[in-house]
Structure formats: structure tokens, C-alpha cells
Amino acid sequence: MHLPYADSARLIVGTWWLVVLVVSTTYCGNLVAFLTFPKIDIPITTIDELLAHRDTVTWSAVKGSYFEQQIKDSPEPKYRELYQGMMKDDIDQKIMLAEVEKGKHVYFDWRTKLHYYMKKQYLVTDRCDLALGSEELFNEKIAMIMAQDTPYLVLINDE
Numbered sequence: 001m002h003l004p005y006a007d008s009a010r011l012i013v014g015t016w017w018l019v020v021l022v023v024s025t026t027y028c029g030n031l032v033a034f035l036t037f038p039k040i041d042i043p044i045t046t047i048d049e050l051l052a053h054r055d056t057v058t059w060s061a062v063k064g065s066y067f068e069q070q071i072k073d074s075p076e077p078k079y080r081e082l083y084q085g086m087m088k089d090d091i092d093q094k095i096m097l098a099e100v101e102k103g104k105h106v107y108f109d110w111r112t113k114l115h116y117y118m119k120k121q122y123l124v125t126d127r128c129d130l131a132l133g134s135e136e137l138f139n140e141k142i143a144m145i146m147a148q149d150t151p152y153l154v155l156i157n158d159e
């Protein structure tokens with residue numbers, strides 16, 4: 001192979017080979033990463049998307065829960081529409097989670113409880129096929145029980 005004799009030409013050829021090496025290495029690395037860890041496409045992450053897929057997906061919440069009452073009494077049309085399309089019958093938890101894993105059902109509950117379901121499924125199957133929606137519907141209300149005469153009651157209530 002004939003290499004240039006001038007230093008300027010050698011610098012150009014060396015730079016070109018460095019660029020080719022970086023570009024090909026980056027491409028190969030991205031290809032391996034894509035094939036090894038494919039990006040999971042979650043089709044439903046908001047209430048609007050759920051209502052748009054109402055013909056293919058069912059949804060439910062705990063019967064008589066705070067969430068059910070809030071969307072039932074909500075003045076916002078999409079929440080009322082969500083309540084009207086919601087399954088009102090109690091579903092067995094295992095059947096419900098299996099339907100959620102298949103992508104045929106959406107379950108509404110407090111974020112803490114949903115994290116518990118995700119952890120439980122991961123411990124059983126060693127993988128997690130569940131995902132949380134990106135839309136926050138209501139602030140999660142948390143309470144603590146303590147003695148009435150505790151000196152920390154004011155501090156905890158402020159926080």
C-alpha cells in the first residue's frame with residue numbers, strides 16, 4: 001500500500017482512519033446494545049391513550065376505593081368517561097395481573113401498591129413485564145398512627 005510522503009498528507013490519512021474507526025466502533029456498540037436490550041414500547045401511559053384504546057383494553061380499580069370515588073365525582077369529562085368504562089366487578093388478583101402482563105388490562109391503584117405488585121412479579125418470574133403510567137392522577141395520601149400525647153406530633157404534621 002502506498003502511503004503519502006508529506007507530513008500533511010499523512011496527517012489527513014491518519015485523521016480519516018481515526019474517524020472511520022470511531023464511527024464503526026460506535027455503530028457496532030449501538031447495534032449490540034439495541035439487540036441485547038431492545039427498547040420496550042409501552043403503548044398506554046396516559047388516560048387519553050387508555051380511552052383511545054378502549055376497544056382493545058379493559059381497566060379496573062379496587063371496588064369502593066378512594067380512587068373510584070374521586071373519578072366518579074370528578075367534574076373533568078375524561079375522568080367520568082374513565083369511570084363509566086371501568087370494570088365494576090371484583091377480579092381475582094392473579095387473573096388480573098396475568099391480564100395486565102398480556103397487555104389486555106390496566107389496573108389503577110396507589111403507586112406504592114403497584115410497586116409492590118411489580119416487585120412480587122419480579123421475585124416470582126425473575127423479570128418484570130409490568131410498567132407504570134406516566135400520568136399522576138391524584139396525590140397519594142399517607143397517614144401514620146401514633147400516641148396522642150407524643151411531642152413529635154406537631155413536627156410530623158408540619159412535614
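Counting in the UniProt record's numbering, the sequence shown runs from 1 upward without gaps. All residues carry an ideal CB built from backbone N, CA and C; glycine is no exception.
Delimiting residues of the alpha helix (DSSP H) encompassing residue i
{"i": "H115", "result": "111 to 125"}
{"i": "K102", "result": "93 to 102"}
{"i": "I156", "result": "153 to 158"}
From the options, residue whose alpha carbon lies closest to that of residue i
{"i": "W110", "options": "G133, D149, W17, M146", "result": "G133"}
{"i": "M146", "options": "Q84, F34, I156", "result": "I156"}
{"i": "H105", "options": "T25, L153, D7, T56", "result": "T56"}
{"i": "residue 163", "options": "R80, L82, S74, V124", "result": "With the chain running from 1 to 159 in the structure shown, residue 163 is simply not present."}
{"i": "E135", "options": "Y107, V100, T46", "result": "T46"}
{"i": "R80", "options": "L51, Q93, I12", "result": "L51"}
{"i": "Q69", "options": "R54, M86, T58", "result": "M86"}
{"i": "Y116", "options": "F138, K102, Q93", "result": "Q93"}
{"i": "L82", "options": "F34, D158, M144, L137", "result": "L137"}
{"i": "I142", "options": "A9, E159, T150", "result": "E159"}
Residue range of the unbroken beta strand (DSSP E) whose run includes residue i
{"i": "F108", "result": "105 to 108"}
Cutoff 8 Å; reference residue i; Cβ partners in own chain excluding five residues on either side
{"i": "C128", "result": "M118, Q121, Y122"}
{"i": "E140", "result": "W110, R111, T112"}
{"i": "V19", "result": "none"}
{"i": "V100", "result": "V106, Y107, L130"}
{"i": "E49", "result": "P43"}
{"i": "W59", "result": "L50, L82, G85, M86, M87, H105, V106, Y107, F108"}
Chain-order list of residues whose beta-carbon lies under 6 Å from that of residue i (same chain, five-residue window excluded)
{"i": "D90", "result": "K63"}
{"i": "S65", "result": "none"}
{"i": "A61", "result": "F67, E68, F108"}
{"i": "K72", "result": "Y83"}
Proximal residues to residue i (C-beta, below 7 Å), its chain only, five neighbours per side dropped
{"i": "Q84", "result": "none"}
Runs of beta strand (DSSP E) wholly within the UniProt domain "Ionotropic glutamate receptor C-terminal" (4 to 90) (minimum 3 residues, chain order): 58 to 61
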